[in-house]
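A short worksheet on the structure shown next.
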Amino acid sequence: MLIRKYFSQFLVLLCLAAAAAAQAQNLPNVVILATGGTIAGTGATTTTTTVGYTAAKVGVDALIAAVPELKKVANVRGEQTMQIASENMNNDAWLKLAKRVNTLLAQSDVDGIVITHGTDTIEETAYFLDLVVKSKKPVVIVGAMRPSTAISADGPINLYNAVLLAGSKEAIGKGVLVTLNDQINAGREVTKTNTSTLDTFKTPELGFLGYIQGSKPFFYRQSTRKNTADTPFDIMNLDKLPQVDIVYGYANMNPIALNAFVAAGAQGIIHAGVGDGSLNNTVVPSLTEARKKGVVIVRASRVGQGIVARNGEADDDKLDFVVSDTLNAQKARILLMLALTKTTDTKEIQKMFWEY
Ligand code: SIN
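Just so you know, the sequence shown maps onto residues -24 to -1, 1 to 332 in mature numbering (1 follows the signal peptide of the UniProt record, and there is no 0).
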């Protein structure tokens, strides 16, 4: 009698285990690459929200353990790729991260990647990966504005949404995506617009790609620019990127920083000009001189929205300058670095700025 009772309990457990295994088999396999940021931050009290906490403290396993709901939407595993506040992100870290993403996505047992990241430079990492990842599988970058210890921390729900998105059919072929605050943005277009609020990430004027609602992604539009597998940029054999620096336009501008960047070996300069990328008379001789030395000059705008018109506020044909199209200065720097790994021909580089 007792044996029969234990046997039937054993059978029930076996069935439950089989059901769990079957469910796991039907779920997408998502790898979470953790890089640090506020999503992994801790504060002294629960009311330490956007000020006074320390970023990049919590490890990837603890981040995953804090959201048991992840198990219902994906088979998740984590890797601690780095543990930094994203103001310390740099070219070397990007190369390391991009190589890992490409290696993982080439595996048949990986369906999507989530990258946890500080919000300060999320838009730059997203655009870099958008240009160098060689797969149509989803790559989703996620952060949080409040540390993990805060009252109403936004990290857990953002991570849940990111895993959901990375495992979804809808996100395939959409380029590298950024999700926070239930919204989905394109890596090329997204920018941080507020120092501290939860709705800081926007694609000004063009708008979000979509939303996540009721544990489902909804897409309404798509970036028309080529990305991921449709770009020529291959970083797998690179261990360094060309030096490209940014100079910022302002009233009473002088060429001191520009000249210093060129003297320090910059191969490219992004000039974040006023208005439609206008150049102060004080910097035109230095920019012209730098171009003659082979430095590629890209006119961007500090405005943050709109197209910088070629041959508009400067005679780009005569000066042999490039315009940034709609890319802000920090994203223009990324495209120029990658363009310089392929060519120094400014006509080719201009084409890239209109294509990617
Ligand atoms: C960071 O970018 O690492 C700090 C700020 C944040 O993640 O919100």
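For every residue, glycine included, the Cβ atom is placed at its ideal position computed from N, Cα and C.
Quantities reported herein were computed from a predicted structural model and do not represent experimental measurements.
As assigned by DSSP and simplified to three states, the class of residue i
{"i": "L295", "result": "helix"}
{"i": "G149", "result": "coil"}
{"i": "A240", "result": "coil"}
{"i": "N256", "result": "coil"}
{"i": "I222", "result": "strand"}
{"i": "residue 334", "result": "In the structure displayed, the chain extends from -24 to 332; residue 334 sits before or after that span and is not available."}
{"i": "T125", "result": "coil"}
{"i": "F209", "result": "coil"}
{"i": "Q83", "result": "coil"}
{"i": "R275", "result": "strand"}
{"i": "T169", "result": "coil"}
{"i": "N78", "result": "helix"}
{"i": "D215", "result": "coil"}
{"i": "G28", "result": "coil"}
{"i": "Q198", "result": "coil"}
{"i": "D301", "result": "strand"}
{"i": "A142", "result": "helix"}
Beta bridge counterpart(s) of residue i as assigned by DSSP
{"i": "N5", "result": "N51"}
{"i": "K110", "result": "For K110, which the question treats as bridged, DSSP gives no partner whatsoever."}
{"i": "K192", "result": "Q189"}
{"i": "A10", "result": "Q56, T92"}
{"i": "K178", "result": "T167"}
Expected contact under 8 Å - CB spacing of residue i and residue j to nearest Å
{"i": "K318", "j": "M212", "result": "Contact flag wrong, Cβ pair sits at about 14 Å."}
{"i": "A10", "j": "T125", "result": "With a Cβ gap of about 17 Å, A10 and T125 do not count as contacting."}
{"i": "E100", "j": "I310", "result": "6 Å"}
{"i": "V223", "j": "A239", "result": "No, V223 and A239 are not in contact; Cβ-Cβ is about 13 Å, not under 8 Å."}
{"i": "G186", "j": "F177", "result": "Contact flag wrong, Cβ pair sits at about 13 Å."}
{"i": "T167", "j": "G280", "result": "7 Å"}
Residues of its chain near residue i, where Cβ-Cβ distance is below 8 Å and the 5 sequence neighbours each way are ignored
{"i": "R267", "result": "I273, L295, D296, F297"}
{"i": "D37", "result": "G54"}
{"i": "N235", "result": "S262"}
{"i": "A41", "result": "none"}
Classification of residue i by the beta-carbon crowding that lies within 10 angstroms, buried from 16 upward
{"i": "R53", "result": "exposed"}
{"i": "I148", "result": "exposed"}
{"i": "D175", "result": "exposed"}
{"i": "R197", "result": "exposed"}
{"i": "G253", "result": "buried"}
{"i": "S191", "result": "exposed"}
{"i": "E257", "result": "Correcting the residue identity first, residue 257 is Asn in this sequence and not Glu. Exposed is the call here."}
{"i": "D293", "result": "exposed"}
{"i": "S128", "result": "exposed"}
{"i": "G163", "result": "buried"}
{"i": "V7", "result": "buried"}
{"i": "K145", "result": "exposed"}
Spatial neighbours of residue i in its chain, beta-carbon cut-off 7 Å, leaving aside the 5 residues before and after
{"i": "D85", "result": "N5"}
{"i": "G207", "result": "The sequence given here places Thr at residue 207; Gly does not occur at that position. Counting only Cβ-Cβ distances below 7 Å, and skipping sequence neighbours, we find L107, Y332."}
{"i": "Q1", "result": "none"}
{"i": "E45", "result": "Y136"}
{"i": "D301", "result": "I283, V284, F329, W330"}
{"i": "V259", "result": "M229, P231, L234"}
Cβ neighbours of residue i in the same chain (closer than 6 Å, five flanking residues each side left out)
{"i": "P123", "result": "T14, G17, T18, G19, Y29"}
{"i": "F313", "result": "Going by the sequence as given, residue 313 is Met instead of Phe. Same-chain partners within the cutoff: L217, P218, V220."}
{"i": "V43", "result": "P132, L135, Y136"}
{"i": "H247", "result": "V223, R275"}
Residue i beta carbon near the ligand MG (any heavy atom closer than 6 Å)
{"i": "S62", "result": "This structure does not include the ligand MG; its bound ligands are the ligand SIN."}
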